[in-house]
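Read top to bottom, the protein sequences are chains X and P.
In case it helps, the working numbering puts the first sequence at residues 4 to 392.
In case it helps, the working numbering puts the second sequence at residues 4 to 392.
2 protein chains.
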Amino acid sequence: MLVDVSVERARQSLLDMVVCLPGEEVALGEARDRILDDDLHAPVDLPPVAQAAVDGYALGGEGPDVRGEYTLSGVLGRGRAVAVATGAPLPAQTVAVVAREQVRVEGERIRIAAALPAGRNIRPAGEDFRAGELVVPAGTTVDPGLIAVLAAFGRDRVRVRRRPRVGILSLGEEIVPAGSVPSPGQVRDANGPLLAALAARHGARAAAVETVGEAGAREAGPRLKRLLEQADLVLTIGGVASGPDDYALALLKASDARVLFWGVASKPGHHSGAAVCEDRPVIALSGNPAACAVAYQLLAAPVVRALQGLPPCPKAIPAVCTNSFPKGGGPRRFLRGCAACGPKGWEVTLLPGQKSSMLRSLINWNALVDLPAGHPPLMAGSPVSVLPL
Amino acid sequence: MLVDVSVERARQSLLDMVVCLPGEEVALGEARDRILDDDLHAPVDLPPVAQAAVDGYALGGEGPDVRGEYTLSGVLGRGRAVAVATGAPLPAQTVAVVAREQVRVEGERIRIAAALPAGRNIRPAGEDFRAGELVVPAGTTVDPGLIAVLAAFGRDRVRVRRRPRVGILSLGEEIVPAGSVPSPGQVRDANGPLLAALAARHGARAAAVETVGEAGAREAGPRLKRLLEQADLVLTIGGVASGPDDYALALLKASDARVLFWGVASKPGHHSGAAVCEDRPVIALSGNPAACAVAYQLLAAPVVRALQGLPPCPKAIPAVCTNSFPKGGGPRRFLRGCAACGPKGWEVTLLPGQKSSMLRSLINWNALVDLPAGHPPLMAGSPVSVLPL
Numbered sequence: 004m005l006v007d008v009s010v011e012r013a014r015q016s017l018l019d020m021v022v023c024l025p026g027e028e029v030a031l032g033e034a035r036d037r038i039l040d041d042d043l044h045a046p047v048d049l050p051p052v053a054q055a056a057v058d059g060y061a062l063g064g065e066g067p068d069v070r071g072e073y074t075l076s077g078v079l080g081r082g083r084a085v086a087v088a089t090g091a092p093l094p095a096q097t098v099a100v101v102a103r104e105q106v107r108v109e110g111e112r113i114r115i116a117a118a119l120p121a122g123r124n125i126r127p128a129g130e131d132f133r134a135g136e137l138v139v140p141a142g143t144t145v146d147p148g149l150i151a152v153l154a155a156f157g158r159d160r161v162r163v164r165r166r167p168r169v170g171i172l173s174l175g176e177e178i179v180p181a182g183s184v185p186s187p188g189q190v191r192d193a194n195g196p197l198l199a200a201l202a203a204r205h206g207a208r209a210a211a212v213e214t215v216g217e218a219g220a221r222e223a224g225p226r227l228k229r230l231l232e233q234a235d236l237v238l239t240i241g242g243v244a245s246g247p248d249d250y251a252l253a254l255l256k257a258s259d260a261r262v263l264f265w266g267v268a269s270k271p272g273h274h275s276g277a278a279v280c281e282d283r284p285v286i287a288l289s290g291n292p293a294a295c296a297v298a299y300q301l302l303a304a305p306v307v308r309a310l311q312g313l314p315p316c317p318k319a320i321p322a323v324c325t326n327s328f329p330k331g332g333g334p335r336r337f338l339r340g341c342a343a344c345g346p347k348g349w350e351v352t353l354l355p356g357q358k359s360s361m362l363r364s365l366i367n368w369n370a371l372v373d374l375p376a377g378h379p380p381l382m383a384g385s386p387v388s389v390l391p392l
Numbered sequence: 004m005l006v007d008v009s010v011e012r013a014r015q016s017l018l019d020m021v022v023c024l025p026g027e028e029v030a031l032g033e034a035r036d037r038i039l040d041d042d043l044h045a046p047v048d049l050p051p052v053a054q055a056a057v058d059g060y061a062l063g064g065e066g067p068d069v070r071g072e073y074t075l076s077g078v079l080g081r082g083r084a085v086a087v088a089t090g091a092p093l094p095a096q097t098v099a100v101v102a103r104e105q106v107r108v109e110g111e112r113i114r115i116a117a118a119l120p121a122g123r124n125i126r127p128a129g130e131d132f133r134a135g136e137l138v139v140p141a142g143t144t145v146d147p148g149l150i151a152v153l154a155a156f157g158r159d160r161v162r163v164r165r166r167p168r169v170g171i172l173s174l175g176e177e178i179v180p181a182g183s184v185p186s187p188g189q190v191r192d193a194n195g196p197l198l199a200a201l202a203a204r205h206g207a208r209a210a211a212v213e214t215v216g217e218a219g220a221r222e223a224g225p226r227l228k229r230l231l232e233q234a235d236l237v238l239t240i241g242g243v244a245s246g247p248d249d250y251a252l253a254l255l256k257a258s259d260a261r262v263l264f265w266g267v268a269s270k271p272g273h274h275s276g277a278a279v280c281e282d283r284p285v286i287a288l289s290g291n292p293a294a295c296a297v298a299y300q301l302l303a304a305p306v307v308r309a310l311q312g313l314p315p316c317p318k319a320i321p322a323v324c325t326n327s328f329p330k331g332g333g334p335r336r337f338l339r340g341c342a343a344c345g346p347k348g349w350e351v352t353l354l355p356g357q358k359s360s361m362l363r364s365l366i367n368w369n370a371l372v373d374l375p376a377g378h379p380p381l382m383a384g385s386p387v388s389v390l391p392l
């Protein structure tokens, strides 16, 4: 068991045991924002055959130029024209398509205003995608454009990575479920809904959001066991604080878990640990909401991404901090910020309420500002390293 | 009826008739990414009472400093100490909390290692939120942090703007639904799934994605009528091309619609129109996929946002284009790009496949590059105006 390790080492010990979940088939309408499980190769040319690029008339004959008069007909041939709509497959022998507004219709005949070259207004087969070409690789997020491409290829079902199921268990005896009314001395669970929403944002879904409540340790073991059956990853909240006699640690040991690390060099988030239990990762997070959220981003979000075969960590980006932070020294610090692109690259503004017990800094939060151990107080305008979330 | 109007004028004619949809109550777990319908004021102080900031002992007595020995007890009083966990409500009369690791326990007594000032390790009531304060205004998107705050306030249901319902109707007689197998001469509907996914990204949901198919005009009228009953906004696809004798225009006129505009000064997207039918907006889009998607973003997405009471249009941002575009002149052009924040602000890369008939440029698409009418060919490194999507 590693104790008080770096964020990187803690995270790696988790990622070392994560295997990408198998894929599953979903209806195309359900595939938005999911992760493609296979490379997508174009199964056919798109368009499959030559199409009209305008509303008008397909003209039969030979090149190079097309001019003069044509006889309207149902079947194309030399000197004949067939009315076509934009996107319609063109009859064989089409040499060009003339736009409706470029002709004069005289009974059964049309007269072309100006000569046009062979091939004009024809979209050749395969203009958009060539049969066999790699359209996007596995691991691509299915966006609306890709949905349209899949629909055009006739794919009404698509193989995507399974969404990780996350089990969430609050260990504090004073914690009651979010929807209930707390008695004096009890506190509503805000961390459970927080983690469920964060996990959903990263493509997972909450298999369960539970609180152990007054039953405490007696109930925690069986609950953890049940969650491990339902979930690919379990997050516990609370009971991580004082080192070797932690409640969460005792629970994991009693559940025959192999502890990976306990304590991380991060403020907030120091009181975090992780274990492997029945081949599944269990991450113990602090009950302090900002600590819980920061440790989720540093340790759990990478697991959620890796379970979907995605790069686990956002790349750190340089940014300028627009406001100041008075505290310096101490351990490596992760402040909650809101980052935006400015005229000189990324700018990040520290959000109000940076105490680990406070929820306020989690509203509009989209970036972590990573300050090294022993950093001086931060001045407005300072360069910082930022993890986009 | 306005003909061949600017994008701005076309859009405004639509926005002039849009009213924000009423709110609805949803379970907190369903509120993620929805739009808050009311200002959120803190109903109580958070934390509601003073809490322990560490695991340790609440100490009874008076300030200014706390030192010496205390007797462990269930009830606090002068010279007495009560064991508390982080986040636990503190007994009245608590003068400070000493961390567990800062004391020596001797039977029924604890001895404090070093004196600590009154108030140490106490989170005062209202430290995070003060009762009555405005937390976030109506119109805020519910993010995970806000979900946690709502949970902490005991809100298990939350009032959010209703999701606009979008009806999508493909008018082309050759178009068959996305899941079906086209006969020769038929084409699968890619635009319907595309628009449904784009609308979902903007907070709406597709009430129906339909194709008129071979039944054509005979079927289109009744279908439109039915969609207007199910949807807040109807998008038609195709049949918009050649001006006054358009199929889509004829359909709208036959449906007693008041036409707002027909034809927009935009390439692609010129073949777009809009009408008001039974007090609902109907936007007619081109059947060419890139034209359909661009006109959706310029005309329909603002309506989807306005229906949710959101600012209808993204703010144009200056960017540098990283690649070139050989065509110049002609009408105002909207190219599909992928924008990212670089060291000197936004950079946008034009995506491959910029013909209006092609789907390719819609993959990974997150920005529209807005080139004015008559623009010269675009060189790599040129400044451009970009609409983030």
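Note that the Cβ used here is the ideal one computed from N, Cα and C, for glycine as well.
Source: prediction; values computed, not measured.
Could you check which residue in P:96, P:49 and P:111 has the C-alpha nearest to that of residue 76 of chain P? P:111
Under 8 Å (Cβ pairs) to chain P, residues found in the region 324-357 of chain X: 344, 345, 346, 347, 348, 349 and 356
Whole-angstrom distance between residue 63 of chain P and residue 98 of chain P, CA atom to CA atom: 6 Å
Mapping DSSP to helix, strand and coil, what is residue 47 of chain P? coil
By a C-beta neighbour count over all protein chains shown, 10 Å radius and 16 as the cutoff for buried, is residue 74 of chain P buried or exposed? exposed
With a cut-off of 9 Å, does the C-beta of residue 90 of chain P fall near any C-beta of chain X? yes
Members of the region 123-142 of chain P near chain X, C-beta cut-off 8 Å: 126, 130, 131, 132, 138 and 139
Given this structure, state the Cα-to-Cα distance separating residue 10 of chain P from residue 373 of chain P, to the nearest angstrom. 11 Å
Less than 8 Å between the CB atoms is what I'm expecting for residue 115 of chain X and residue 313 of chain X, so what's the real figure, rounded? Incorrect: roughly 55 Å between the Cβ atoms, too far for contact.
Rounded to whole angstroms, what is the Cα-Cα separation between residue 254 of chain P and residue 223 of chain P? 7 Å
Chain-ordered residues of the region 372-385 of chain P with a beta carbon less than 8 Å from chain X: none
List the residues of chain P whose Cβ lies closer than 8 Å to the Cβ of residue 361 of chain X, in chain order. 130 and 131
Compare the C-beta of residue 286 of chain P against all C-beta atoms of chain X and say whether one is closer than 9 Å. no
What is the DSSP secondary structure of residue 256 of chain P, counted as helix, strand or coil? helix
Residue 340 of chain X, DSSP secondary structure in three states: strand
Which full runs of the alpha helix (DSSP H) of 4+ residues lie inside the region 158-204 of chain X, going along the chain? 194-204
Return the Cβ separation of residue 321 of chain X and residue 380 of chain X in integer angstroms, given the expectation that the two are a contact with Cβ distance under 8 Å. The pair is not a contact, with the Cβ atoms about 20 Å apart (cut-off 8 Å).
According to DSSP, simplified to helix, strand and coil, what is residue 18 of chain X? helix
Cβ separation of residue 361 of chain X and residue 327 of chain X, assumed to be a contact under 8 Å, to the nearest whole Å: At roughly 18 Å, the Cβ-Cβ gap does not stay under 8 Å, so residue 361 of chain X and residue 327 of chain X are not in contact.
Considering only C-alpha positions, which residue in the set P:296, P:160, P:55 and P:72 is nearest to residue 269 of chain P? P:296
May I have the straight-line CA-CA distance separating residue 325 of chain P from residue 354 of chain P, to the nearest angstrom? 11 Å
Using the Cα positions of residue 368 of chain P and residue 341 of chain P, report the straight-line distance between them to the nearest angstrom. 5 Å
Near residue 122 of chain X, which residues of its chain fall below 7 Å by C-beta distance, leaving aside the five closest residues on each side in sequence? 99
For residue 117 of chain P, three-class secondary structure by DSSP: coil
Whose C-beta lies closer than 7 Å to the C-beta of residue 205 of chain X among residues of the same chain, with five residues either side of it excluded? 304, 307 and 308
Relative to the C-alpha of residue 152 of chain X, which candidate in X:106, X:44, X:40 and X:317 has its C-alpha closest? X:44
Thinking C-alpha only, which one of P:94, P:171, P:278 and P:241 is nearest residue 189 of chain X? P:94
Endpoints, beta strand (DSSP E) assigned at residue 240 of chain P: 236-240
Count the C-beta pairs between the region 154-163 of chain X and the region 46-60 of chain X that are closer than 8 Å, then say yes if the count reaches three, no if not. yes
Can you tell me the Cα-Cα spacing of residue 284 of chain P and residue 194 of chain P, whole angstroms? 19 Å
Grouping DSSP H, G and I as helix and E and B as strand, with all else coil, what is residue 287 of chain X? strand
In its own chain, which residues sit with a C-beta less than 7 Å from the C-beta of residue 50 of chain X, not counting the 5 before and 5 after it? 126, 128, 130 and 131
Can you list, in chain order, the residues of its chain whose CB lies under 6 Å from that of residue 359 of chain X, leaving out five sequence neighbours each side? 271, 291, 293 and 294
Which residue marks the beginning of the alpha helix (DSSP H) containing residue 221 of chain X, and which one marks its end? 220-233
So, is residue 333 of chain P buried or exposed, given that buried needs 16 or more other C-beta atoms within 10 angstroms? exposed
Which residues mark the beginning and the end of the alpha helix (DSSP H) in which residue 150 of chain P is found? 147-155
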